[in-house]
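Okay, so here's the structure we're looking at.
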Amino acid sequence: MIPYLRDTANFLSKVTPKRLANSVRVLASYYQSRALKKSKHAGMPISISFEPTTSCNLRCPECPSGLRSFTRPTGMLSTEMYQALVDELAPTLLYLILYFQGEPYLHPNFFNLISYAHKKKIYIATSTNAHYLDSKNAKKTVESGLDRLIVSMDGTDQREYEKYRIGGNYQKVVDGIKELVYWKKKLKSKTPHIILQFLVFKHNEHQVEEVKKLGKELGVDKVALKTAQIYGHENGSELLPENSQFSRYSRNGDGSWHIKNKLFDHCWKMWHSSVITWDGKVVPCCFDKDASHVLGDATSGFKQIWESADYNRFRGQVLGARNEIDICKNCTEGTKVWI
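Position 120, counted from 1, in the sequence shown is what the numbering used here calls 145; the numbers after and before it change by one each time, with no gaps.
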């Protein structure tokens, strides 16, 4: 079976009558809210992101973890809190992302986190820089029940790779992917669906065809080109690619830059998904990297936060004037990110 179809079939296998009914309720309330320009929400999240940790081994220049620039503390997700929240959300939850900021494989109980959600028959995805994918961890990854793994590799040689993945080792990433592919075959497993993700910058855009070829040689399920989020993009950046197809931004007549997204006053993320940081803070989406819009503390449960006046007020702000919300100004919801 074609990898994409196999992955889709795997995802659909997680759908239950209760999860489907919940998804319909969420979708209906979203379109009702858009039509009325007033927040009306029903149902529980279809998707949720948990942050295993804010720690990272690399120093990527456009990443708060890499820059060590967070104003919030660094730490590890509590296994007990995570399990309690998964128990609460599992009946209606379809998609669980074990990633927000940081390198998830640094969490000491990472594989247990995956396995716990896997037993609830939830589709589970994560993203890694692959520096911890030795043979032992690659085998554990396959055995854990992880459904999707994004491996970031923004170069096809050490020279280009380390220009963004500062402190990274290109060969370690290649070896890690080989170990994953080996153990999938060895254990006769259909998962995880392995995506080789290539962030396109000015310095590596000449390697786009090379990374596609490399992905085939390594045996990954998909090679995905991704446009990069740039902080302070208004003044341009040496990272911005020459080919506009690979950029989220366009140049203005005066030489400044703007995001291609028109920032319409609606956002599907506000209705179907949420993010929980390692210490239990609930934030509206993955663009709130420093947790500047905390909507509640999930250490005592999630539902009351999801249905709270504060959360609904934030949804209302998105419907009214999304371009006035700081985390939305560099948001790509509604524009092309994956190429």
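Beta carbons are placed, not taken as given, at the ideal position from N, Cα and C, and that holds for glycine.
Legend entry - the segment 115-129 contacting the segment 186-193, beta-carbon criterion three pairs below 8 Å: No contact exists between the segment 115-129 and the segment 186-193.
Inset, instruction - Would you tell me roughly how many angstroms separate the C-alpha atoms of N337 and H66, rounded to the nearest one? - result: C-alpha separation (whole angstroms): 8 Å.
Legend entry - CB contact flag (I330, G341, <7 Å): Taking 7 Å as the Cβ cut-off, I330 and G341 do not qualify as a contacting pair.
Legend entry - Bounding residues of the alpha helix (DSSP H) (the contiguous stretch that carries I191): Looking at the DSSP string, I191 is not in any alpha helix (DSSP H), and its letter there is neither H nor E.
Inset, instruction - Would you mind stating whether V236 and F223 have Cβ atoms separated by less than 7 Å? - result: A contact, by the Cβ cut-off of 7 Å.
Legend entry - Extent of the continuous alpha helix (DSSP H) run through A34: That run of the alpha helix (DSSP H) goes 28-37.
Inset, instruction - With DSSP as the reference, please indicate the residues paired to Y120 in a beta bridge. - result: For Y120, which the question treats as bridged, DSSP gives the partners S72, Y148.
Legend entry - Stretch pair the segment 138-153 + the segment 165-179: three plus CB contacts closer than 8 Å: Here the segment 138-153 makes contact with the segment 165-179; the two share three or more CB pairs at distances below 8 Å.
Inset, instruction - Compare the beta carbon distance of Y130 and Y107 with 7 Å and say whether it is the shorter of the two. - result: Contact flag unset, no.
Inset, instruction - Please confirm whether A253 and R97 have their CB atoms less than 7 Å apart. - result: A253 places its beta carbon 7 Å or farther from that of R97.
Legend entry - Proximity below 7 Å, CB of N286 to CB of T357: Remark: C-beta atoms of N286 and T357 approach each other more closely than 7 Å.
Inset, instruction - Give the C-beta separation of D313 and I352 to the nearest angstrom, bearing in mind that I take them to be a contact with Cβ-Cβ under 8 Å. - result: Cβ atoms of D313 and I352 come within 8 Å of each other, at about 5 Å.
Inset, instruction - Report yes if the CB atom of N355 is closer than 7 Å to the CB atom of L288, and no otherwise. - result: Result no, Cβ atoms of N355 and L288 do not sit closer than 7 Å.
Legend entry - Chain-order list of residues whose beta-carbon lies under 7 Å from that of S272 (same chain, five-residue window excluded): Answer for S272: T252, L265, P266, listed in chain order.
Legend entry - Span of the alpha helix (DSSP H) around K43: K43 -> alpha helix (DSSP H) spans 42-61.
Inset, instruction - Ignore the nearest five residues each way along the sequence and tell me which others in R50's own chain have a CB closer than 8 Å to its CB. - result: Apart from the 5 residues on each side of it in sequence, R50 sits with its Cβ closer than 8 Å to the Cβ of A67, G68 in its chain, given in chain order.
Legend entry - Three-way DSSP call (helix, strand, coil) for V319 in this model: In the structure shown, V319 sits in coil (DSSP, three-state: anything other than H, G, I, E or B).
Inset, instruction - Compare the Cα-Cα distances from M26 to each of D246, N137, W303 and report the closest residue. - result: For M26, the nearest C-alpha among the options comes from D246.
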